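S.K.: This is the structure, below, for whatever I ask next.
Numbering (my numbering), first residue to last: 1 to 300.
Pasting the structure below:
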C-alpha cells in the first residue's frame, strides 16, 4: 500500500513540473543579423554623387592651337566607339559584311542610314585626300618634316611641334595608326622615353589626340597653367615693339582661364614703356574707361 502511494506522488510531481510554464530565454543576437539593422541608418557625411576623376588634361592651358585640338577628345572617343568599318573597301561589300556585325544588326533603320552615309562621306574624304597627294607629288612639293621634340616643358615649343606634326600628317595622308607608328622618328630624349615605355608596346590603343594628351602630361609639371599665369603678370614691353608686347599678353590670356579684359588692360598700362603711360595720362585715358584695343591704337 505504501509503495502505491509513493508511486502516485511521483507521477503527480512529474505532472506538476510539466504544467509549469517555461521561462522565456533572453533572445540572443544572431551573427547573421545585418550590422546596418543593429546600428541604425548611417548618416552620410558626403554627397551621393560619385566623385569625378581628375581629367588627364586639367593642367592644360585653356586656349590656343593645342587646347582647341584636345577639346575634341570626347568626340573622337565617341567616334572610336562607334561600329567599326568592315575590312573591305567597297561600300557594297561593307553592307554585306556589316550584316554579321552585332552592333549593325541592333541599329534602327535610321541609325543604319546614318552609318552608311558616314561611311560614304569617309570614303569620299579619303579619295579627295589621295587626289590632293597625287597633285602634290606631281608638283614636286616636299613635305617639311617636323622639328624633333625632346620633352622640354616649354608650352610654345610643344604646341609648335604638335602643329608641325599635324601638317606633316595631312601632307602625307597618313591615318592616325600610321602616324603613331612613324612619329617616333621625331621624338628624342625624354619624349622618346615616353614613346618606348607607353606607346610602343601597344600603339593600336592610341589616337593622335590621346598621344598628345599623355605626352603633355608626361613632360609637363601639373602647375603649368599657374606658370603661364605668372608669365602674364611678369611680362613687360622692354625693347620690343608695343604690338608684340600686347600680343604676348593676349597669348597668355588665351592659355589661362579667368584673365579678364580689364586685367589685360591694366597689365598693358603698367608694363608699357614709361613715355606711353605719360601720354595716356595726358590724353585722359585710364584702364577703367579704355579698352585694350584703344590703348593699342594710341600706343603704336
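All residues carry an ideal CB built from backbone N, CA and C; glycine is no exception.
Computed from a prediction, not measured in an experiment: that's the story for all the values here.
1. Which value, in whole angstroms, describes the spacing of the CA atoms of residue 163 and residue 208?
2. Write down every uninterrupted run of the beta strand (DSSP E) in the stretch 207-245 whose length is 3 residues or greater and which is fully enclosed by it, in chain order.
3. Classify residue 191: buried if its beta carbon has 16 or more other beta carbons within 10 angstroms, exposed otherwise.
4. For residue 243, tell me which candidate among 287, 157, 299 and 63 has the shortest Cα-Cα distance.
5. At what residues does the alpha helix (DSSP H) containing residue 278 begin and finish?
6. Under three-state DSSP, which class holds residue 66?
7. In three-state DSSP terms, what is residue 249?
8. Inspect the CB distances between the stretch 199-216 and the stretch 177-184 and report whether three or more fall short of 8 Å.
9. In chain order, what residues of the same chain have a beta carbon less than 7 Å from the beta carbon of residue 274, not counting five sequence neighbours either side?
10. Would you call residue 146 buried or exposed, if buried means 16 or more other Cβ atoms sit within 10 Å of its Cβ?
11. Among residues of its own chain, excluding the 5 on either side of residue 290, which ones have a beta-carbon nearer than 6 Å to its beta-carbon?
12. Can you tell which of 204, 173, 165 and 286 has the C-alpha that lies nearest to the C-alpha of residue 187?
13. By Cβ distance, which residues of its chain are closer than 7 Å to residue 236, with the 5 residues on each side in sequence left out?
14. Do you know how far the Cα of residue 216 is from the Cα of residue 277?
15. Please report how far the alpha carbon of residue 221 lies from the alpha carbon of residue 256, in whole angstroms.
16. Taking the C-alpha atoms as reference points, what is the distance between residue 213 and residue 111?
17. Kindly give me the distance between the Cβ atoms of residue 249 and residue 268, rounded to whole angstroms, as I take these residues to be in contact under 8 Å.
18. According to DSSP, is residue 96 part of a helix, a strand, or is it coil?
M.R.: Put simply:
1. Taking the chain shown and counting its residues from 1, one reaches residue 163 at position 163. Taking the chain shown and counting its residues from 1, one reaches residue 208 at position 208. Computed Cα separation, rounded: 12 Å.
2. none
3. Here residue 191 refers to the residue found at position 191 of the chain shown. Looking at its Cβ environment, which holds 16 or more other Cβ atoms inside 10 Å, residue 191 is buried.
4. Reading the chain shown from its first residue, position 243 is the one you call residue 243. It is 299.
5. As a position in the chain shown, residue 278 is number 278, starting the count at 1. Note, residue 278: alpha helix (DSSP H), 274-282.
6. By one-based count along the chain shown, residue 66 stands at place 66. Three-state DSSP puts residue 66 in a helix.
7. Here the question's residue 249 lines up with position 249 in the chain shown. Helix, per DSSP.
8. yes
9. Taking the chain shown and counting its residues from 1, one reaches residue 274 at position 274. Hits under 7 Å: none found.
10. In the chain shown, counting from the first residue as 1, residue 146 sits at position 146. Residue 146 should be labelled buried.
11. Reading the chain shown from its first residue, position 290 is the one you call residue 290. For residue 290, where only same-chain residues beyond five positions count, there are no Cβ hits under 6 Å.
12. Within the chain shown, the letter at position 187 stands for residue 187. Among 204, 173, 165 and 286, the Cα nearest to that of residue 187 is on 165.
13. The residue labelled residue 236 in the question sits at position 236 within the chain shown. Taken in chain order, the residues that qualify are 271.
14. Counted from its first residue, the chain shown places residue 277 at position 277. Counted from its first residue, the chain shown places residue 216 at position 216. Cα to Cα, the separation comes out at about 39 Å.
15. Residue mapping note: residue 221 aligns to position 221 of the chain shown, counting from 1. Residue mapping note: residue 256 aligns to position 256 of the chain shown, counting from 1. Rounded to whole angstroms, residue 221 to residue 256 spans 15 Å at the Cα level.
16. For the purposes of this step, residue 213 is taken as the residue at position 213 of the chain shown. For the purposes of this step, residue 111 is taken as the residue at position 111 of the chain shown. Taking the straight line from one Cα to the other gives about 31 Å.
17. As a working mapping, residue 249 is identified with position 249 in the chain shown. As a working mapping, residue 268 is identified with position 268 in the chain shown. 6 Å between Cβ atoms; contact.
18. The sequence position of residue 96 within the chain shown is 96, counting from 1. Residue placement at residue 96 is flagged as unreliable, the pLDDT there being 45, under the threshold of 50; a coordinate-derived value is accordingly withheld.
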